[in-house]
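Just so we're aligned, residue 0 is where the sequence shown starts under numbering that gives the first Met the number 0, counting upward by one.
Down below is the structure, laid out as structure tokens.
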Amino acid sequence: MPETAGASRESPAGRWNRNFRLFFVARTVAVFGDGMVPVALAAGLLGAGRPGSSVGYALAAWIGPFAVLVLFGGVLADRFTPRRMMILADGLRLVGASVLAVSFAAGDPSVWVVYGLSAVSGVGAALFQPGVASTVPRIAHDVQRANAVLRVCEALMTMAGPAFAGLVVGLSGGAGAVFAANAATFAVSGICLFLLRLPPVGEPVERGSLLAELVDGWREFTSRSWLWGVIAVWTVYGLTVAGPMLPLTAVLVTEAHGSGTYGVLMAVNGAGSVAGGLLAMRLRPARPLAAGAVALLGVVVNLLVLGLDLSVPALGAGQFAGGAAFAFWLVMWSTTVQTHVPPDALNRLHAYDVSGSLLMMAAGRALAGPVAEAVGAERVLLAGVLVMLGVVGVLLGARPIRELRRVA
Numbered sequence: 000m001p002e003t004a005g006a007s008r009e010s011p012a013g014r015w016n017r018n019f020r021l022f023f024v025a026r027t028v029a030v031f032g033d034g035m036v037p038v039a040l041a042a043g044l045l046g047a048g049r050p051g052s053s054v055g056y057a058l059a060a061w062i063g064p065f066a067v068l069v070l071f072g073g074v075l076a077d078r079f080t081p082r083r084m085m086i087l088a089d090g091l092r093l094v095g096a097s098v099l100a101v102s103f104a105a106g107d108p109s110v111w112v113v114y115g116l117s118a119v120s121g122v123g124a125a126l127f128q129p130g131v132a133s134t135v136p137r138i139a140h141d142v143q144r145a146n147a148v149l150r151v152c153e154a155l156m157t158m159a160g161p162a163f164a165g166l167v168v169g170l171s172g173g174a175g176a177v178f179a180a181n182a183a184t185f186a187v188s189g190i191c192l193f194l195l196r197l198p199p200v201g202e203p204v205e206r207g208s209l210l211a212e213l214v215d216g217w218r219e220f221t222s223r224s225w226l227w228g229v230i231a232v233w234t235v236y237g238l239t240v241a242g243p244m245l246p247l248t249a250v251l252v253t254e255a256h257g258s259g260t261y262g263v264l265m266a267v268n269g270a271g272s273v274a275g276g277l278l279a280m281r282l283r284p285a286r287p288l289a290a291g292a293v294a295l296l297g298v299v300v301n302l303l304v305l306g307l308d309l310s311v312p313a314l315g316a317g318q319f320a321g322g323a324a325f326a327f328w329l330v331m332w333s334t335t336v337q338t339h340v341p342p343d344a345l346n347r348l349h350a351y352d353v354s355g356s357l358l359m360m361a362a363g364r365a366l367a368g369p370v371a372e373a374v375g376a377e378r379v380l381l382a383g384v385l386v387m388l389g390v391v392g393v394l395l396g397a398r399p400i401r402e403l404r405r406v407a
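Here it is as structure tokens:
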């Protein structure tokens, strides 16, 4: 699989050059397919008479291998190139989704089969994710705008995937067809990535053992105070705000206004994400992390209206503001990392970012229920308002973060 063939003929100056078009399609169909999975698991397992907890266990079987192995995914991406690892990952997920499709179509698969195949998909995601960050700067001249385009696309596909899966379940009556469609998205993604022709990153470097490269990645990570500073703050945010917010929002809105209203509010949140991505296409702040931190005040608004149990229109305004704020921050953060970190360290540093954030968010979701039962869900969300104000304050107060300038 050549990394350089055709590179001399392919200029990255155009936003929609050949490489970006292929990567855009790959990301679009992959996110669309990922959105189908929770619906497919719920339909297949609950339809077979399994308890509701089995759906949570299946999703946990996915997130566990992902969180543990994503650090090694970053090292392997540096060693064997991100493109090769992403193609391998799509191959693994294609196999896992295909076997699940056949298993559900044939009857009632064992829950252990479902858990095992979910774990295979988690391994695939761990191999895939680190390469995303380092690929964007190699295919786009305007990194911020490319990230914004991808964020808008991902927001739309996050809404479209579950809706499509629900439609397929309704028409076919089973999860097998949904997993078959999910498998097809990985096939399309893998083909698009195979067709990429990327320029070389630089001179080949001597590689040590996996452990040595993990340690080297940690040194690169800790040598940038703005990078580890943001991620340290983000671990607190994931544990106390992002983790609890999703399950508590689902419980509060569904109990007070019904599941239909909750679905509409999630769609409004997705629309806000689109708006935030579009705004990030237009604005080019000189200090992107400072601008992103100010935008995160939209998350404060969302937490406040949820904690105060305001009317449905107010909840919708909060969801829109929260979605737009988080999308704008993500574009600013992704672009900053991709343009300030050397290409030969980017995969490993991105893996540290993903692993830390994901583990804390998972812990926050696990603790949300017991804490909410003890003190009340509304109080947890209102406490999140104070934490979120503290997060914004620390991001703006820390000079390395506040004063980091955009790379032209």
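Just so it is clear, CB atoms sit at the ideal spot from N, CA and C, and this is done for glycine as well.
Residue span of the alpha helix (DSSP H) that contains Ala-294, given as start and end: 287-294
Cβ pair count under 8 Å reaching 3, the segment 371-387 against the segment 242-259: Yes, since at least three Cβ pairs between the segment 371-387 and the segment 242-259 fall closer than 8 Å, the two stretches touch.
Beta-carbon proximity of Ala-125 to Gly-72, cut-off 8 Å: Yes, Cβ-Cβ distance for Ala-125 and Gly-72 is below 8 Å.
Alpha helix (DSSP H) runs contained entirely in the segment 293-327, provided each spans 4 or more residues: With a minimum length of 4 residues, the continuous alpha helix (DSSP H) runs that stay inside the segment 293-327 are 296-306.
Val-311, buried or exposed, once every other Cβ within 10 Å from all chains shown has been counted against 16: exposed
Straight-line gap, Ala-12 to Val-74 (C-alpha atoms, nearest Å): At Ala-12, the pLDDT of 41 sits below 50, so the modelled position is not reliable; the number obtained from the coordinates is stated separately. Those two C-alpha atoms are separated by around 29 Å.
Same chain, Cβ closer than 6 Å to Pro-284, five either side skipped, listed in chain order: Ala-290
Distance between Ser-53 and Phe-103 (C-alpha atoms, nearest Å): 15 Å
Beta-carbon proximity list for Val-112, same chain, < 7 Å, skipping 5 on both sides: Ser-102
Three-pair Cβ contact test at 8 Å for the segment 290-300 versus the segment 312-327: yes
Simplified DSSP assignment, three categories, for Leu-403: Leu-403 falls in the coil class under three-state DSSP.
Whole-angstrom C-beta distance between Cys-191 and Ala-88, which should lie under 8 Å: Actually they do not touch by this definition, with Cβ atoms about 13 Å apart.
Nearest-angstrom Cα separation, counted from Pro-37 out to Ser-171: 17 Å
Environment of Asp-352 [buried if 16+ CB atoms lie within 10 Å]: buried
Spatial distance of Leu-116 from Ala-350 (CA atoms): 23 Å
Selected residue, minimal CA-CA separation from Val-374, among Met-360, Gly-306, Val-393 and Val-390: Closest option to Val-374, Cα to Cα, is Gly-306.
Trp-111 - containing alpha helix (DSSP H), residue span: 110-138
Bounding residues of the alpha helix (DSSP H) (the contiguous stretch that carries Val-250): Counting along the chain, the alpha helix (DSSP H) containing Val-250 begins and ends at 242-256.
8 Å Cβ shell around Thr-3 - same chain, five flanking residues per side excluded: In this prediction, Thr-3 has a pLDDT of 41, which is less than 50 and means its spatial position is unreliable; nothing more can be read from the coordinates.
Rounded distance between the beta-carbons of Leu-91 and Val-122, thought under 8 Å: 6 Å
Pair within 8 Å by beta-carbon distance, Pro-341 and Gly-228: Going by beta carbons, Pro-341 and Gly-228 fall outside the 8 Å limit.
Close beta carbons around Ala-6, own chain, < 6 Å, minus the five adjacent residues each side: In this prediction, Ala-6 scores a pLDDT of 39, lower than 50, which makes its location untrustworthy; the coordinate-derived value is nonetheless stated afterwards. Result list for Ala-6: Arg-196 and Pro-198, in chain order.
Beta-carbon proximity check, Ala-180 vs Val-167, cutoff 8 Å: yes
Environment of Arg-218 [buried if 16+ CB atoms lie within 10 Å]: exposed
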